[in-house]
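Protein chains in written order, with UniProt numbering: chain X, 1 to 317; chain W, 1 to 317; chain C, 1 to 317; chain U, 1 to 317.
Using N, Cα and C, we set each Cβ at its ideal position, and we do this for glycine too.
Scroll down for the structure; my scribbles are underneath it.
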């Protein structure tokens with residue numbers, strides 16, 4: 001299969017948190033997610049329409065940041081092809097067996113140090129009893145709790161060397177670049193689309209000198225109205241709102257940026273009105289002048305958005 | 001003051017339920033309301049932006065139906081004026097002192113037997129601690145639970161003699177008739193507006209031969225999108241949906257009709273995009289041909305909507 | 001009648017524009033309003049559910065700003081009572097006969113010089129032919145054009161002396177103060193409610209030393225989603241967006257501020273989910289610390305919002 | 001490439017109409033689409049975010065119905081592979097050169113007689129001047145006209161033999177079956193997904209004895225609120241509403257069914273909150289009992305929905 005289409009979707013993200021209990025409470029009570037399993041220092045959670053065992057793993061740690069993230073591939077063959085390609089680049093860590101939600105996975109590092117896994121075998125979530133939805137085509141019951149997030153949407157990482165990230169992503173892993181920021185011939189950010197969603201992963205330039213930093217993780221709701229309701233819920237529950245709700249010019253995402261108690265930036269968004277169905281979609285390029293206009297409706301990007309990332313823990317580097 | 005403006009708004013409704021605990025659970029967990037007080041066989045509840053002690057009283061009873069309802073008047077003077085006028089018509093029951101949420105009230109019967117109270121003194125709800133909203137102009141915190149109903153909206157009763165009801169309402173109590181159904185010179189229903197909302201009370205014809213029947217009680221949400229979310233929450237929780245979501249031609253109300261476990265019909269609606277600001281608004285009259293078109297977008301009215309009302313308990317008659 | 005309730009609603013606003021044709025195009029093509037009449041240098045416009053002949057009069061002038069605005073009273077008697085009270089304060093200008101949309105009006109000045117009229121007789125708009133709505137309770141057909149604004153909502157003026165404005169409004173004209181900003185015992189802004197809407201008029205402090213300045217005029221749409229769509233329409237048509245969409249902490253208004261081609265600030269909002277039904281509502285007071293928090297979800301108020309008003313033309317002063 | 005992923009998306013549909021001018025007016029003024037080209041008896045139209053030259057071709061004809069429809073493939077190689085496979089089945093018609101919006105196409109018949117084309121080369125739409133969107137990632141400017149449909153969403157055909165259709169679709173053309181109705185082991189309908197959208201094509205059983213019939217063509221809007229606004233626009237413009245707005249249990253589509261003046265059924269929907277990202281998604285099967293429950297919130301399916309299809313013109317059979 002063409003390398004473009006070998007990844008199926010962003011599967012899950014492991015976030016590290018110095019306040020595990022409070023983080024769990026945030027994702028379950030405020031975002032409306034459910035716990036699939038608690039295992040040692042880690043909790044596995046999913047949104048009501050995530051079809052897998054979990055889309056979020058929360059692990060207790062002295063710092064916030066990202067532990068690892070995972071792509072599900074389109075097939076077992078795709079998984080093996082990609083593992084081989086990564087190995088050839090010398091970025092592979094190796095195969096691991098998982099018992100919690102998914103099967104054999106190939107672990108590796110992205111050029112900026114972020115740890116990632118590829119896998120195909122998935123122990124899909126089977127809703128039972130009170131968790132079963134009245135609609136057979138929904139993974140589990142609409143919770144009617146907090147922000148009612150529907151599914152994992154995308155991940156945004158920071159990286160020092162965008163060119164290296166880009167070459168690795170599209171030359172070795174797959175996907176296509178739906179949008180990019182280029183200032184004076186230097187790429188500053190790229191958006192990776194692997195299916196009809198316009199992106200599952202974004203990487204933006206890190207000016208801090210650090211490696212493997214996390215910018216934000218996004219959960220999707222069904223409508224812009226629900227993003228507005230989420231803002232009220234954040235306000236009413238003392239959750240810090242960094243910026244939004246507003247509409248990004250890039251990708252047209254209607255966004256709301258929050259911080260979970262562990263210190264990781266979380267976005268609530270409604271990005272799916274826009275889809276990329278065009279199989280040879282031409283990358284949209286944003287230049288400096290265009291970026292200076294701010295967000296879609298003119299909101300200036302808050303400074304912290306450009307600078308604040310969550311460092312990768314030393315022992316993972 | 002002009003009689004038109006002496007009533008301020010529909011204040012609360014007492015519903016009778018043979019399943020008090022299940023009814024309480026329905027209104028708190030599904031609708032997202034809170035309990036202000038439990039007193040003997042009655043529970044007092046309010047929606048998050050209801051400013052009074054309660055807008056709903058649930059009382060255990062062997063049948064479902066309405067116990068009483070209440071109007072708050074615009075002033076103490078209005079209360080006394082209206083009490084006098086009712087007394088003169090011979091429909092008065094008398095003054096009562098309340099300790100639960102409101103002060104001295106004048107009790108009386110509408111011509112079809114429904115028991116009603118007028119009062120002015122209100123022990124307004126003071127949100128404290130975790131119930132306090134981050135927005136000073138909201139009565140209490142947005143719950144983020146179930147349907148998140150905002151406030152009581154309106155009440156719909158059934159009556160054998162619409163003319164008698166109409167004459168009593170507008171000749172003795174106050175308000176103005178925003179809309180009416182007239183078939184062959186016979187009024188079949190009237191909508192009573194006492195403020196800028198286009199109605200707080202509706203009365204439609206009862207063909208059953210019974211008296212004092214209840215049709216439905218409505219709670220408002222902020223948007224039509226939230227009515228759609230409410231439909232999903234009803235579906236996911238096994239709540240019977242009688243009809244909707246759809247838009248009434250009459251009053252343009254975007255509606256969803258449910259049944260609470262005690263057997264009373266409850267509407268979730270978003271009716272406030274429409275306001276009547278015109279002080280000499282001319283009543284909108286609907287004839288048979290117009291009603292035959294069904295609801296705004298052509299949905300046929302379900303048969304049960306025309307026939308099913310909740311009887312008034314014998315001992316209250 | 002109690003002075004509180006003698007005004008029915010904000011009826012219309014006359015805006016001055018140095019670009020009459022472009023302003024007309026803005027309000028008809030972008031906002032979706034209709035022209036009721038053109039008369040010399042003035043155009044009379046209405047939103048699709050405005051029940052009167054016009055809610056906006058656009059008059060050609062070398063500067064932008066407000067010409068006059070008008071309240072409709074609840075009755076002819078209210079009109080006469082208020083005219084007498086104003087006369088006694090020495091702020092009256094006198095009675096005028098209008099042929100364009102409304103009858104005999106009493107003209108006067110607010111303490112900061114703004115010209116205002118009171119009237120009761122209204123030549124209500126009668127939709128005919130293609131302008132007739134399929135819904136009998138809508139003033140005219142939903143346009144399906146541009147932002148589809150529904151009705152005039154409120155007016156915001158600037159005044160040097162908020163205390164004088166407040167005393168005149170509530171002591172002579174009527175209404176009640178739903179919200180106010182007070183810094184160190186000095187009122188900085190007041191919000192005037194005359195019906196169940198939480199405000200029809202706002203007055204905020206003018207630091208410029210000028211008199212009779214205009215801040216903004218607001219048209220309402222039915223939902224927050226339509227405010228978001230309006231933002232896209234503004235963006236697509238080169239209309240300057242000053243700030244928004246976002247939610248005001250004050251009054252909870254979901255706002256979008258634009259400039260029409262003549263230079264007047266126009267707001268598109270969805271303020272009616274909140275109503276004040278409480279007849280003895282206690283004014284919400286905002287202090288400096290609370291205002292420093294910015295808008296409801298934390299957006300900082302743009303500087304121009306505090307400083308930019310449209311001056312009153314010299315010859316009207 | 002795996003056959004599953006060789007089709008990229010539903011590209012365009014040709015509808016026949018006995019009232020070409022009125023049909024053009026409907027799609028441009030009511031739906032808000034634009035004309036790309038008029039060529040003889042055909043008009044080519046697109047929604048504002050359709051990236052190709054057209055998604056709808058309207059052709060004058062004495063009857064309503066479907067002329068042909070087209071899939072765009074993921075690559076030139078996919079096109080050639082599929083053409084070969086069809087040829088082997090004996091259902092091919094042959095290659096054609098198009099000058100109007102797309103390049104070399106392979107024409108063939110589905111088993112029930114519907115004419116279809118596959119192509120890869122596309123003359124993508126380049127918005128210029130006033131049609132250019134302020135957002136670089138939108139194909140053209142948001143129109144602010146009528147229903148503002150965003151893009152073509154899906155097509156529903158009728159067929160006598162669902163098994164034959166299914167075998168041809170998944171055995172020869174590609175895609176996967178996201179949902180199906182099966183009564184007593186007999187398939188009654190299938191939904192074809194070729195990308196992350198849960199379907200681009202649906203085929204339901206035809207009981208009429210006719211061949212090649214058309215059921216409906218769907219355009220997507222961004223939100224459920226816009227579907228509700230579309231219902232009002234239909235109502236205000238005398239467009240017949242067959243059923244809706246409501247939510248399908250199947251696929252969760254929030255729907256509104258209309259008829260265009262030529263007699264073809266058109267759906268306005270907001271189906272994209274649901275995506276299928278799972279690469280080995282298991283087909284959802286609906287049985288008779290489940291279908292008897294009606295739509296998601298209990299609305300009974302209107303009878304005409306089961307019976308009314310638009311016949312294929314004789315000369316095309």
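Rounded to a whole number of angstroms, what is the C-alpha to C-alpha distance between residue i and residue j?
| i | j | result |
| --- | --- | --- |
| residue 219(X) | residue 314(C) | 55 Å |
| residue 287(U) | residue 127(X) | 19 Å |
| residue 28(W) | residue 101(X) | 35 Å |
| residue 160(C) | residue 15(C) | 21 Å |
| residue 302(W) | residue 243(W) | 7 Å |
| residue 165(W) | residue 282(C) | 34 Å |
| residue 205(X) | residue 51(X) | 32 Å |
| residue 274(C) | residue 64(X) | 40 Å |
| residue 237(U) | residue 6(C) | 39 Å |
| residue 229(U) | residue 225(C) | 11 Å |
| residue 132(X) | residue 216(X) | 30 Å |
| residue 290(U) | residue 185(U) | 15 Å |
| residue 383(C) | residue 311(U) | Outside the shown range of chain C (1 to 317) lies residue 383(C), about which nothing can therefore be said. |
| residue 203(W) | residue 151(W) | 20 Å |
Quick check on residue i: does DSSP put it in helix, strand or coil?
| i | result |
| --- | --- |
| residue 34(W) | strand |
| residue 299(U) | coil |
| residue 316(W) | helix |
| residue 308(U) | coil |
| residue 291(C) | helix |
Give me the chain W residues within the contact set of residue i, using Cβ-Cβ distance strictly less than 9 Å, ordered along the chain.
| i | result |
| --- | --- |
| residue 141(X) | 236, 237 |
Which chain C residues sit within Cβ distance under 7 Å of residue i?
| i | result |
| --- | --- |
| residue 49(U) | Residues of chain C passing the Cβ test: none, with the nearest at roughly 12 Å. |
Which bits of chain U does residue i rub up against, with CB to CB less than 9 Å?
| i | result |
| --- | --- |
| residue 296(X) | 134, 135 |
By the criterion of Cβ-Cβ separation under 7 Å, what are the contact partners of residue i in chain W?
| i | result |
| --- | --- |
| residue 74(C) | 279 |
Identify the contact partners of residue i in chain C, using a Cβ-Cβ distance below 9 Å as the criterion.
| i | result |
| --- | --- |
| residue 145(U) | 144, 145, 146 |
Check the Cβ of residue i against every Cβ in chain X and list those closer than 8 Å, keeping chain order.
| i | result |
| --- | --- |
| residue 179(U) | 137 |
Using the beta-carbon of each residue, which ones in chain U are nearer than 7 Å to residue i?
| i | result |
| --- | --- |
| residue 393(W) | No answer is possible for residue 393(W): it lies beyond the span of chain W, which begins at 1 and ends at 317. |
In chain C, which residues lie with their C-beta within 8 Å of the C-beta of residue i?
| i | result |
| --- | --- |
| residue 104(W) | Those within 8 Å of residue 104(W) in chain C number zero; the least Cβ separation is about 15 Å. |
| residue 150(W) | 273 |
In chain U, which residues lie less than 8 Å from residue i when you measure between Cβ atoms?
| i | result |
| --- | --- |
| residue 241(W) | 297, 298 |
So with CB distances below 9 Å, who are the chain X contacts of residue i?
| i | result |
| --- | --- |
| residue 163(U) | Within 9 Å Cβ-Cβ: nothing; residue 163(U) doesn't reach chain X, min ~22 Å. |
- Message: List, from N- to C-terminal side, the alpha helix (DSSP H) runs of 4 residues or more that fit wholly inside the UniProt domain "VOC" (9-121) of chain U.
- Response: Runs found: 20-25, 76-89.
- Task: Would you list, in sequence order, the uninterrupted alpha helix (DSSP H) runs of no fewer than 4 residues that lie entirely inside the UniProt domain "VOC" (151-271) of chain W?
- Result: Entirely contained in the UniProt domain "VOC" (151-271) of chain W, the alpha helix (DSSP H) runs reaching 4 residues are, in chain order, 162-168, 224-236.
Note to self: Can you pull out the residues from the region 212-234 of chain W whose beta carbon lies closer than 9 Å to at least one beta carbon of chain C?
What the structure shows: So the list reads 220, 221, 222, 223, 224, 225, given in the order they occur along the chain.
Q. Along the region 244-255 of chain C, what residues have a CB closer than 9 Å to any CB found in chain X?
A. Using a CB distance below 9 Å, the part of the region 244-255 of chain C facing chain X consists of 244, 245, 246, 247, 254, ordered along the chain.
**Report entry** Within 9 Å of chain X by C-beta, residues of the UniProt domain "VOC" (9-121) of chain C in sequence order
**Finding:** Going along the UniProt domain "VOC" (9-121) of chain C in chain order, one finds no residue with a Cβ nearer than 9 Å to chain X.
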